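One structure below.
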Amino acid sequence: GVFAHLEMLEARAHEAAVKQEETEQQEEKLARLKARVQELRLQRDELRAKVDLQQKGQLGKEGVLSDPAQPSARAVLEWKIKSVKAMLQVFYLTGISGKLTKRGVCFCISTAYEGTYLDSYHLDLLTKAEVQIHRHSVPIFIPLEQIAKKYLQTDIRRFLSVLSDHLNAYAGRRYQADQLQDRFSDRIEGTLQRNSLCNLLVFNYNVSSKSKTFPFNVRLLYGDLCCSLPTEVTVSCTPDAPASLAETAAAHSDLFRRVALHKAFRSFSSAEESVD
Amino acid sequence: MDNSICQVYEDEIQSLEEEIKLLAEKYEDNQQESTFFSDEEILMSIKSFQREFQGQSKGHESPSDLKAQLESLETDLSFLMKFTGIQFTSHSKKTVEKTTNRTVQKHRLSGNCHSLSFQLEFQLLEMQNKENVSAVITDLSIIMESGEDSDVSKFVSSTEEQGNLLTFFRSLSSYAEWYEHRRCTFLHFK
């Protein structure tokens, strides 16, 4: 009786104490968070005011803005460092950039398709004795060794230029195939088959004629590895397709030879829209 | 109920921290992009920085560290200009838009490649997605000195249309070398 009763009272008191502690902790946490929010809001407002003032100052004068407080020598140096770094980043956009290393140069070849920059590739060259490729990130299906054998010792610039042609053409072919798969998946029947070098593409796509659709099969061979347009195009339709479609197949074949793959498909879509 | 209030505060804290980071970057960018110091001012600053620093070690980089960093960067830059033949004479950029995932900058660039000079303006859009940063050029405008040459102007306008900055530089490089070679050959026979 009594013991049990006492135990029960103890337990209740314990429970109440735990709850009390929990509530206090919770309140403390809320108070901390609230304080932090106030602190950050203040910081944010100060920064906003600073930026506004900065922009007002710039609206007043054209060109050079001189800090009302004379910039420190350190600030000037840091400005120059950032400025040179920015110019080095611009070199990335030109296609060939790099930095000197203790034993040579580490070059970076960037690739792009029209205005879109794609992957970049690195080559760590040793130039002390004969030129050697120490490390690189060029994919294995690019004929790097062949190109190096031909140009690396005699004309590094030419070596990089030829390698850049290969890499950019590969990147361009891959980009076109990716764009086709991403943008025109509804017109492609089945999967788009391609090799790692992206110089052989085979796929089926739908062509509509008089509200019926017919599958066309395309085989694109890019014989020139420095080119992102195919050298051989075969477009065929099924034997049961109407004769008029043969003309369409020939027209498409011609188009694929001259125009980038995804652009060719874009023109099909708009042509069909205008016919319907 | 308390937990949801906590969450509200925590969300606000996160968004404030992001906003503060972006504002700080905006302030820095603006400072950087609207200032210009000449080479003489840079040299003077290096000297005066070395004088005033003597003996102090704050945990900031010392003048010799900064000077070494600047020299290394300038060496890399002059190597690239010499190697590629592309000499940039001026570069300015302005950050037009900056959010957590997206930066848009307007660039103005002038220079020459051998004897051919150019002036460029373009917009560079950089977007952060899951794995990497993508870069796209838009609004490319190219002015070339030898713009009267019809081949050059045709090349320039198709390059501008496609935003093909990379191709511009690569072609410029090989064209300039050929042009230079032709010029030297011509002079040789004069």
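These protein sequence lines map, in sequence, to chains A and B. With this note's numbering, the residue at position 122 of the first sequence is 874, and numbering never jumps. With this note's numbering, the residue at position 168 of the second sequence is 174, and numbering never jumps. All C-beta atoms, glycine included, are put in the ideal place defined by N, C-alpha and C. Quantities reported herein were computed from a predicted structural model and do not represent experimental measurements.
Only those residues of the region 161-180 of chain B whose C-beta falls short of 8 Å from the nearest C-beta of chain A are listed: GLN168, GLY169, ASN170, LEU171, LEU172, THR173, PHE175, ARG176, SER179 and SER180. A/ALA864 belongs to the set of residues whose beta carbon lies under 8 Å from a beta carbon in chain B.
Secondary structure in the region 856-908 of chain A: the beta strand (DSSP E) runs of 3 residues or longer, each lying completely within the stretch, are 856-865, 868-878 and 884-888 in chain order. Taking the CA atoms as reference points, A/LYS781 sits about 27 Å from A/LEU799. Our two residues, B/TYR185 and A/THR846, have alpha carbons roughly 19 Å apart in a direct line. Interface annotation, A/THR965: not in contact with chain B, CB-CB separation never under 8 Å. A/ILE848 has A/ILE861 as its beta-bridge partners, per DSSP. For B/GLN111, the beta-bridge partners assigned by DSSP are B/THR101 and B/LEU130. The beta carbon of A/HIS886 sits closer than 7 Å to the beta carbons of ASP876, LEU877 and LEU878 from its chain, once the five residues preceding and following it are set aside; these are given in chain order.
Below 8 Å, enough C-beta pairs join the region 980-996 of chain A and the region 961-970 of chain A to call them touching: three or more. Scanning the region 150-196 of chain B from its first residue to its last, the whole alpha helix (DSSP H) runs of 4-plus residues come out as 156-168 and 171-195.
In the structure shown, B/PRO69 falls within a helical segment according to DSSP collapsed to helix, strand and coil. Nearest to A/SER862 by alpha-carbon distance, out of A/LYS854, A/ARG855, A/GLN777 and A/ASP917, is A/ASP917. Per DSSP, A/LEU1007 is one residue of the alpha helix (DSSP H) stretching across 996-1010. Counting the other Cβ atoms within 10 Å of the Cβ of B/THR90 gives 16 or more, which makes it buried. Shown here, B/ASN138 sits in coil according to DSSP, grouped into three states, outside any helix or strand.
Look at B/GLN134: its C-beta is not under 8 Å from any C-beta on chain A. Separation of B/GLU77 and A/LEU973 (C-alpha to C-alpha, rounded to the nearest whole angstrom) is 49 Å.
In summary, the residues of the region 67-85 of chain B whose CB is separated from some CB of chain A by less than 7 Å are LEU72, GLN75, LEU76, LEU79, GLU80, THR81, ASP82, LEU83 and PHE85, in the order they occur in the chain.
Close CB contacts of B/PHE124 within its chain, under the 6 Å cut and outside five residues either way in sequence, are with MET150 (chain order). The C-alpha of A/ALA881 is placed about 24 Å away from the C-alpha of A/TYR873. According to the DSSP assignment, A/SER824 belongs to no beta strand (DSSP E), since it is labelled neither H nor E.
The beta carbon of A/SER916 sits closer than 8 Å to some beta carbon of chain B.
Contacts with chain A at 8 Å (Cβ-Cβ) do not include B/SER10. In the pairwise beta carbon analysis, the region 887-900 of chain A is classified as not touching the region 829-843 of chain A: fewer than three pairs are separated by under 8 Å. Across the region 924-948 of chain A, no CB contact with chain B closer than 9 Å is found for any residue.
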